[in-house]
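Structure, as structure tokens:
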Amino acid sequence: MILYFADRGLNILGMVSTNLPKGAYIEEDKKIGDVDTGITSLEVTLRWAETSGLVVRAWTDPGNYVFLKEDGERMECYTIIEATEDNENESTEFYAEDAGLDLLNEICLPFEADRAYSAAWYIQLFTVDSGFSIGLNEI
5 MILYFADRGL NILGMVSTNL PKGAYIEEDK KIGDVDTGIT SLEVTLRWAE TSGLVVRAWT
65 DPGNYVFLKE DGERMECYTI IEATEDNENE STEFYAEDAG LDLLNEICLP FEADRAYSAA
125 WYIQLFTVDS GFSIGLNEI
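Just so you know, we're using the numbering used here here: the sequence shown kicks off at 5 and counts up by one.
The following block contains the structure:
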């Protein structure tokens, strides 16, 4: 398994694997899928050498993305919700959920526009605290 870490701008910060010989590596991982809701979460323990601890902390900041690639599987995207570091054991544990979950269960109060607005204006209005933003679609 390989995990890629990215910031909110989708800039790749680093990667870890289950079989790297040096640097940070995945010690333990648990992927939990709920069939009823279709929600998947990820719990991972990373081990790191003293010299790479600061780097791993930056990768696992809450709000950053984790891309999971397993052999023969498609890439999955998660948002880091919380991370805890253990300096004594040189490890970081983080919990992540499906990247789109922060848009679920949002409630928008009735809204009546005073004039016509673009779709982008409405998206920015109703997703203001989600961390998502409209970017350039290069397709």
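Every residue, glycine too, gets a C-beta built ideally from N, C-alpha and C.
Note that the structure is predicted; figures quoted are calculated from it, not measured.
Residues in the same chain with beta-carbon distance under 8 Å from E86, minus the five sequence neighbours each way, listed in chain order, please. In the sequence shown, the residue the question calls residue 86 occupies position 82. P66, F98 and Y99, listed in sequence order.
Do you know how far the Cα of R78 is from the Cα of L72? By 1-based counting over the sequence shown, the position of residue 72 is 68. By 1-based counting over the sequence shown, the position of residue 78 is 74. Answer to the nearest angstrom: the Cα atoms are 8 Å apart.
Please determine, among L24, L7, K26 and R12, the residue with the shortest C-alpha to C-alpha distance to G18. Numbered from 1 along the sequence shown, position 14 holds the residue referred to as residue 18. It is L7.
Taking its Cβ as the centre, do 16 or more other Cβ atoms sit within 10 Å of F115, making it buried, or is it exposed? Translated into the one-based positions of the sequence shown, residue 115 becomes position 111. Exposed: under 16 other Cβ atoms inside 10 Å.
Cα-Cα separation between Y69 and G27, rounded to whole angstroms: For the purposes of this step, residue 69 is taken as residue 65 along the sequence shown, with counting starting at 1. For the purposes of this step, residue 27 is taken as residue 23 along the sequence shown, with counting starting at 1. Taking the straight line joining both Cα atoms gives about 20 Å.
Assuming T64 and T22 form a contact by the criterion Cβ under 8 Å, report the distance between their Cβ atoms to the nearest whole angstrom. Indexing the sequence shown from 1 puts residue 64 at position 60. Indexing the sequence shown from 1 puts residue 22 at position 18. Not a contact, Cβ separation roughly 17 Å.
N-terminal and C-terminal residue of the beta strand (DSSP E) that I6 is part of: By 1-based counting over the sequence shown, the position of residue 6 is 2. From DSSP, the beta strand (DSSP E) with I6 extends over I6 to A10.
Can the beta-carbon of T49 be found closer than 8 Å to that of D102? Within the sequence shown, residue 49 is the residue found at index 45, counting from 1. Within the sequence shown, residue 102 is the residue found at index 98, counting from 1. It is not a contact, given that the beta carbons lie outside the stated cut-off.
Length of the line joining the Cα atoms of Y82 and R61: Reading the sequence shown from its first residue, position 78 is the one you call residue 82. Reading the sequence shown from its first residue, position 57 is the one you call residue 61. If you take the alpha carbons of Y82 and R61, they lie about 17 Å apart.
Can you check DSSP and say which residues form a bridge with T83? The residue labelled residue 83 in the question sits at position 79 within the sequence shown. Looking at the DSSP assignment, T83 forms a beta bridge with Y69 and E101.
Within this structure, are the beta carbons of R51 and E74 separated by less than 8 Å? In the sequence shown, residue 51 corresponds to position 47, counting from 1. In the sequence shown, residue 74 corresponds to position 70, counting from 1. For R51 and E74, no; Cβs fall outside 8 Å.
Which two residues bound the contiguous alpha helix (DSSP H) that contains L140? Your numbering for residue 140 matches position 136 in the sequence shown. Here L140 belongs to no alpha helix (DSSP H), and DSSP marks it neither H nor E.
Taking the continuous alpha helix (DSSP H) assigned at G13, which residues delimit it? Here the question's residue 13 lines up with position 9 in the sequence shown. Note, G13: premise wrong, no alpha helix (DSSP H); not H, not E.
From the DSSP output, read off the bridge partner residues of T44. Numbered from its first residue, the sequence shown carries residue 44 at position 40. T44 is bridged to G37.
Just how far apart, CA to CA, sit I16 and C112? On the sequence shown, position 12 is the one that residue 16 refers to. On the sequence shown, position 108 is the one that residue 112 refers to. If you take the alpha carbons of I16 and C112, they lie about 33 Å apart.
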